[in-house]
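Engineer:
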Amino acid sequence: MTAPVMTPPGLLSTQHPVWMCAMRPFFLLTMGSAVLLIALWSAVLALGLPPPPVAGGALVWHAHELLLGFGLAAVAGFVLTAVPEFTATASASPRTARHLVLLWLLGRAGFWLSGVAGSPALVLAGLAHLGLLGGLLALLWPALRTVAGRRHRAFGWALAGLLLLVGGFYADALRGQYPLRWLLALLGLVMVLIIVAMSRISMRIVNNAIDAVGGDREPYLARPPRRNLAILCIALFTLAEFVQPGGRTSGWLACAAAAALCSLMGDWHVGRPLLRRLPLMLYTVYACMALGYALIGTALLAGGPGASAGRHLLTVGAIGLSIYAVICIAGRAHCGHPADERPWVGQGAALIVAGAVLRAGAAFVPEAATALLMLAGLCWVAAFGLLCWRIAPVLWRVRPDGLWGCKG
105 MTAPVMTPPG LLSTQHPVWM CAMRPFFLLT MGSAVLLIAL WSAVLALGLP PPPVAGGALV
165 WHAHELLLGF GLAAVAGFVL TAVPEFTATA SASPRTARHL VLLWLLGRAG FWLSGVAGSP
225 ALVLAGLAHL GLLGGLLALL WPALRTVAGR RHRAFGWALA GLLLLVGGFY ADALRGQYPL
285 RWLLALLGLV MVLIIVAMSR ISMRIVNNAI DAVGGDREPY LARPPRRNLA ILCIALFTLA
345 EFVQPGGRTS GWLACAAAAA LCSLMGDWHV GRPLLRRLPL MLYTVYACMA LGYALIGTAL
405 LAGGPGASAG RHLLTVGAIG LSIYAVICIA GRAHCGHPAD ERPWVGQGAA LIVAGAVLRA
465 GAAFVPEAAT ALLMLAGLCW VAAFGLLCWR IAPVLWRVRP DGLWGCKG
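Quick note on numbering: my numbering labels position 398 of the sequence shown as 502, and the sequence is numbered without any gaps.
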């Protein structure tokens with residue numbers, strides 16, 4: 105007699121492998137939304153495709169979905185994995201993961217329908233986003249209150265800040281006011297969150313590279329003074345821009361943020377190990393961030409199109425590359441797979457950097473803007489399409505080590 109063939113559980117079952125770790129569905133949503141959103145936005149800009157008729161218009165839709173669609177899915181996947189790992193506490197259950205994913209999907213549906221269905225759809229989107237962020241905070245705060253969690257409470261404060269800013273965005277949208285200022289503030293908070301997350305990830309990645317290269321080198325340390333100075337400057341710029349958009353104070357603070365980030369990058373100058381793939385990828389995130397704030401500050405002080413270019417270095421470059429790197433690292437490690445040493449990892453990162461440079465350059469070369477926008481969009485879509493092709497099967501299938509959960 106032959107053994108019976110076991111049918112894998114369906115996606116709706118909590119026994120499906122995708123629900124064994126909350127990182128898995130959220131990283132799948134991150135990659136899928138990255139491809140869909142930028143493909144649609146590129147078609148809007150270059151081909152004249154009508155954007156979804158959402159509250160606030162096309163630019164608000166683009167920024168909202170980049171930050172609260174693509175970005176929030178990545179943040180949720182990261183904190184639901186990183187905080188339990190850092191604090192040695194239990195991960196979210198499959199049932200909890202499904203509830204959080206449902207809130208993310210309801211947020212997308214409500215906002216995309218807000219131009220057609222009006223206030224009821226906006227209320228649905230607002231409640232879904234607030235529910236997701238509030239759920240993350242409530243789920244993770246007990247772990248952050250432990251002795252081990254005290255060093256990582258910045259994640260909790262960042263989630264609380266996101267909750268406040270999302271509430272402000274939807275309050276303005278429901279009153280019929282233009283809510284873009286809240287999204288710009290969200291962008292600043294996401295930059296802070298990237299710095300906080302990178303300080304936790306970077307020591308392992310850079311020191312592993314130092315060990316691999318060999319030699320008598322001091323270990324890399326993510327020093328709090330430089331990190332805290334960069335966070336302070338970004339926070340002050342974000343606040344000044346929110347209160348008085350386009351003011352000279354904002355320009356000087358943006359330049360200060362750029363200088364602080366350059367100082368922070370000095371910690372990374374460890375010689376040859378920095379040139380290895382993963383450390384260089386993370387270092388480039390800070391480079392995009394520093395150049396982005398430098399362009400914004402110069403534009404606010406001296407005029408010119410640099411503010412748009414700088415913001416796209418922050419979004420396409422810093423956000424896109426940091427999320428790509430985290431999924432490459434955590435997406436395999438927390439699914440029981442070793443690091444992928446194949447060339448595609450570096451190729452995808454190079455595509456994101458190229459997309460950021462092309463998108464920023466479009467602001468300075470208006471006569472070639474359409475072509476540059478299309479090329480930038482193609483680079484981004486190709487990078488995250490490649491990531492999805494390589495990582496989605498890992499996130500969808502059972503762990504090769506036979507374990508269940510997020511253990512890395």
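Built from N, CA and C at the ideal position, the CB exists for glycine as well. These figures come from a predicted structure and were not determined experimentally.
Quick check: the Cα distance between His416 and Cys483, rounded to an integer number of angstroms?
Structural biologist: Taking the straight line joining both Cα atoms gives about 14 Å.
Engineer: CB Ala301 to CB Glu345, shorter than 9 Å?
Structural biologist: It is not a contact, given that the beta carbons lie outside the stated cut-off.
Engineer: With the cut-off set at 9 Å, would you say Leu171 and Val294 are in Cβ contact?
Structural biologist: For Leu171 and Val294, yes; Cβs fall inside 9 Å.
Engineer: Curious, which full-length alpha helix (DSSP H) runs of at least 4 residues does the region 215-284 contain?
Structural biologist: For the region 215-284, whole alpha helix (DSSP H) runs of length 4 or above, ordered along the chain, are 218-221, 223-248 and 257-278.
Engineer: Can you give me the start and stop residues for the alpha helix (DSSP H) that Trp493 sits inside?
Structural biologist: Counting along the chain, the alpha helix (DSSP H) containing Trp493 begins and ends at Ala473 to Trp500.
Engineer: For a test of the three-state rule: what should DSSP assign to Val300, helix, strand or coil?
Structural biologist: Three-state result, Val300: helix.
Engineer: With DSSP run on the structure shown, which of helix, strand or coil describes Tyr324?
Structural biologist: Looking at Tyr324 - three-state DSSP - the assignment turns out to be coil, as it is neither helix nor strand.
Engineer: Kindly give me the distance between the Cβ atoms of Ala180 and Leu204, rounded to whole angstroms, as I take these residues to be in contact under 8 Å.
Structural biologist: Rounded, the Cβ-Cβ distance is 6 Å, consistent with contact.
Engineer: With a threshold of 16 other CB atoms inside 10 Å of the CB of Pro157, please say whether the residue is buried or exposed.
Structural biologist: It counts as exposed.
Engineer: Could you check if Arg330 is buried or exposed, using at least 16 other CB atoms within 10 Å of its CB as the buried criterion?
Structural biologist: Buried is the call here.
Engineer: From what residue to what residue does the alpha helix (DSSP H) around Trp145 run?
Structural biologist: Here the alpha helix (DSSP H) through Trp145 covers Met127 to Leu151.
Engineer: With a threshold of 6 Å on Cβ separation, who are the neighbours of Thr250 within its own chain once the five nearest residues in sequence on each side are excluded?
Structural biologist: Within the same chain, Thr250 has close Cβ partners Thr191.
Engineer: Quick check on the burial criterion: 16 or more other C-beta atoms within 10 angstroms. Buried or exposed for Thr106?
Structural biologist: Because Thr106 sits at a pLDDT of 46, beneath the cut-off of 50, its placement in the model cannot be relied upon, and the point is left open.
Engineer: In the structure shown, what three-state DSSP assignment does Pro377 receive?
Structural biologist: Note: Pro377 maps to helix in three-state DSSP.
Engineer: What is the rounded straight-line gap between the Cα of Ala486 and the Cα of Cys492?
Structural biologist: Cα-Cα distance, rounded: 10 Å.
Engineer: In three-state DSSP terms, what is Gln119?
Structural biologist: Reduced to three states, the DSSP call for Gln119 is coil.
Engineer: Report the residue from Met369, Pro447, Gly512 and Tyr397 whose alpha carbon sits nearest the alpha carbon of Arg436.
Structural biologist: If we check each option's Cα against that of Arg436, Gly512 comes out closest.
Engineer: Is the region 393-402 touching the region 412-430 in the sense that three or more CB pairs, one from each, lie closer than 8 Å?
Structural biologist: Flag = yes, the region 412-430 and the region 393-402 touch.
Engineer: According to DSSP, is His203 helix, strand or coil?
Structural biologist: Reduced to three states, the DSSP call for His203 is helix.
Engineer: What separation, rounded to the nearest whole angstrom, lies between the Cα atoms of Tyr274 and Arg380?
Structural biologist: Their Cα atoms are separated by approximately 43 Å.
Engineer: Report the residue from Gly481, Leu499 and Arg501 whose alpha carbon sits nearest the alpha carbon of Leu149.
Structural biologist: Closest option to Leu149, Cα to Cα, is Gly481.
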